[in-house]
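Report on the following structure.
Chains as they are written, first to last, in the numbering used here: chain G, 1 to 111; chain E, 1001 to 1113.
In structure tokens, the structure reads:
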């Protein structure tokens, strides 16, 4: 199926740990994104890559580091996890400005 | 940052009723997008609007790009239980680059069978 996929779907971990979330899209899109959705369902952009190059980097703690090994993948690595990092993280991709297609999300719970 | 204000925040309607929701901004937007998020899923793009005054339909959904370019509206006709979810408006803020979207806080729709 053509889609944006993320792994894992659920991630439960302890404070202080380091974890990664993977994202892949097989839509042939040039641009990929990471969003954070808080408990109130507010969606906020974190990062965006266009052709493996970082183009958006919002005010996100530097414990969060995106990595794009190729145009189809954008992974998110988080160091020293904190309780406040608990949220749902969405990957998205777009063929052109604006029309973004979202993955199913990764629910991160930090205990 | 720029806020997109969605109204209402939540609504309960009877199956078969029509639904209207809107999104407003204090700044002009050149594009408006409407997304729906089902529980436990990612947002899905419903309709994209690119021109002031534009009216676009997708099945029972109709969205309009406000003539002032500071608002947009989404209507759902003859609601059914699977319309349940959170509806988000989104648009590229005028100060940001082409690829950045800002989202409203959503309208949560509940449909009573």
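Glycine included, C-beta positions come from ideal geometry on N, C-alpha and C. All figures in this text were calculated on a predicted structure; none of them were measured in a lab.
Using the Cβ count rule (16 or more neighbours within 10 Å means buried), how would you classify residue i?
i	result
residue 66/G	buried
residue 1106/E	buried
residue 1095/E	exposed
residue 1078/E	exposed
residue 1007/E	exposed
residue 81/G	buried
residue 18/G	exposed
residue 1036/E	buried
residue 1025/E	buried
residue 1131/E	The requested residue 1131/E is not part of the displayed model; chain E covers only 1001 to 1113.
residue 12/G	exposed
residue 1053/E	exposed
residue 106/G	buried
residue 54/G	exposed
residue 78/G	buried
residue 76/G	buried
residue 10/G	exposed
residue 1040/E	exposed
residue 1042/E	buried
Do residue i and residue j have their CB atoms nearer than 8 Å?
i	j	result
residue 98/G	residue 1101/E	yes
residue 83/G	residue 32/G	no
residue 71/G	residue 51/G	yes
residue 6/G	residue 104/G	yes
residue 1084/E	residue 1044/E	no
residue 1064/E	residue 1057/E	no
residue 1019/E	residue 1076/E	yes
residue 74/G	residue 101/G	no
residue 1108/E	residue 1003/E	no
residue 1021/E	residue 1087/E	yes
residue 1061/E	residue 1074/E	yes
residue 85/G	residue 110/G	yes
residue 1070/E	residue 1028/E	yes
*What are the complete alpha helix (DSSP H) segments, minimum 4 residues, inside the stretch 45 to 70 of chain G?*
If one requires a minimum length of 4 residues, no alpha helix (DSSP H) run lies completely within the stretch 45 to 70 of chain G.
_Closer than 8 Å is the cut-off here; do at least three beta carbon pairs connect the stretch 1021 to 1037 of chain E with the stretch 1087 to 1105 of chain E?_
yes
*Please confirm if the stretch 89 to 98 of chain G is in contact with the stretch 23 to 30 of chain G, defined as three or more CB-CB distances below 8 Å between the two stretches.*
Yes, the stretch 89 to 98 of chain G is in contact with the stretch 23 to 30 of chain G.
*If contact means a Cβ-Cβ distance below 7 Å, which residues of the stretch 23 to 35 of chain G contact chain E?*
31
*Starting from the N-terminal side, write out each stretch of the beta strand (DSSP E) that is 3 residues or longer and does not extend beyond the stretch 1044 to 1109 of chain E.*
1044 to 1049, 1055 to 1058, 1061 to 1065, 1071 to 1076, 1085 to 1091
_At 3 residues or longer, what runs of the beta strand (DSSP E) sit wholly inside the stretch 2 to 51 of chain G?_
4 to 7, 10 to 13, 19 to 25, 31 to 37, 43 to 50
*Just by C-beta distance, which residues in the stretch 31 to 61 of chain G are closer than 9 Å to chain E?*
31, 33, 35, 37, 40, 41, 42, 43, 44, 45, 48, 50, 55, 56, 58
*With 8 Å as the limit, tell me which residues of the stretch 67 to 101 of chain G have their beta carbon closer than that to any beta carbon of chain E; keep them in chain order.*
Within the stretch 67 to 101 of chain G, those residues whose Cβ lies closer than 8 Å to any Cβ of chain E are, in chain order, 90, 92, 94, 97, 98, 99, 100, 101.
*Residues in the stretch 1078 to 1102 of chain E with C-beta within 9 Å of chain G's C-beta atoms, listed in sequence order?*
1086, 1088, 1090, 1091, 1092, 1096, 1097, 1098, 1099, 1100, 1101, 1102
*Which runs of the beta strand (DSSP E) spanning at least 3 residues fall entirely within the stretch 69 to 108 of chain G, listed in chain order?*
73 to 78, 87 to 94
*At a Cβ cut of 7 Å, what residues of the stretch 1030 to 1042 of chain E count as close to chain G, listed as they run along the chain?*
1031, 1033, 1041, 1042
*Using a Cβ-Cβ cut-off of less than 7 Å, give me the residues of the stretch 1048 to 1073 of chain E that come near chain G, in sequence order.*
1048
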